[in-house]
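Structure first, commentary second.
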Amino acid sequence: IKLRTVDFTVDYTIHTQDYGDFTLSNATTYLDSYQYQALPSQPFFEFAGAVSNSPQAGGTQPRWRAYSTIEWNYGPWDAVLAHNFIDGVKDEGEGGFTFANVGLPALSVGSYSTVDARVSYKFGSAVIPRMQEARLAVGVNNIGDAKPVAAPKAFPDNGADVSTYSPIGRLWYVQLMTRF
5 IKLRTVDFTV DYTIHTQDYG DFTLSNATTY LDSYQYQALP SQPFFEFAGA
55 VSNSPQAGGT QPRWRAYSTI EWNYGPWDAV LAHNFIDGVK DEGEGGFTFA
105 NVGLPALSVG SYSTVDARVS YKFGSAVIPR MQEARLAVGV NNIGDAKPVA
155 APKAFPDNGA DVSTYSPIGR LWYVQLMTRF
């Protein structure tokens, strides 16, 4: 395997006296090249920007992928809004860019984007006896209920790479965290 990527991470916090702290974060990856060679006598095949279910380099290998958040903290309150982005890829079929698919046209698979939100409140031990730092959170993942993008050539059984794109859709949750 020959792999070449560039990763970017940026975090910036704005402290305010009256409104709490605001933190902006972003983690982005650019996949320049993902080459796989099955045997030393065979050529390398490029998988960057492609989706396949090849046993060697299968799955979705987008060129761009990013996760961005804006978080607000004020006293016991915390809120997060997050954006997940996966770049579009080419569906090369079950074998990817290998001899098995040479000459077959690739299908374009669109990009995928979701937004998540979460609000939490931290209770003091005076409010809930015997629980230190109890935190109650309510959130929703995939607010827009985005469906996995279709890659029917690479995944003919279910039509999508469910290890990369969530098949669940919108998910509401309530969470209680504490220490005893």
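Position one of the sequence shown corresponds to residue 5 (the working numbering), numbered consecutively onward.
Note that the Cβ used here is the ideal one computed from N, Cα and C, for glycine as well.
Check, Outcome
"Would you list the residues sitting across from Q41 in a DSSP beta bridge?", "Note: Q41 sits in no beta bridge, so no partner."
"Between A42 and Q60, what straight-line distance do the alpha-carbon atoms span, to the nearest angstrom?", "8 Å"
"At which residue ranges does the stretch 48-104 contain complete alpha helix (DSSP H) runs of 4 or more residues, listed in the order of the chain?", "none"
"Quick check on the burial criterion: 16 or more other C-beta atoms within 10 angstroms. Buried or exposed for S58?", "buried"
"Here's the rule I'm using: 16 or more other beta-carbon atoms within 10 Å means buried, otherwise exposed. How should G62 be labelled?", "buried"
"With a cut-off of 8 Å, do at least 3 Cβ pairs link the stretch 138-150 to the stretch 163-180?", "yes"
"Give the secondary structure of T20 by DSSP, where H, G and I count as helix, E and B as strand, and everything else as coil.", "strand"
"Evaluate the contact criterion for the stretch 65-78 versus the stretch 12-25: three or more CB pairs, one atom per stretch, below 8 Å.", "yes"
"Quick check: S4 and E50, are their CB atoms within less than 8 Å of each other?", "The displayed coordinates of the chain run from 5 to 184. Any statement about residue 4 would go beyond what the structure contains."
"Have a look at Q65, A52, S45, L140 and flag the residue whose alpha-carbon is nearest the alpha-carbon of Y169.", "Q65"
"Between I5, T20, L140, L35, which has its C-alpha nearest P44's C-alpha?", "I5"
"Note the first and the last residue of the continuous beta strand (DSSP E) segment covering Q179.", "175-183"
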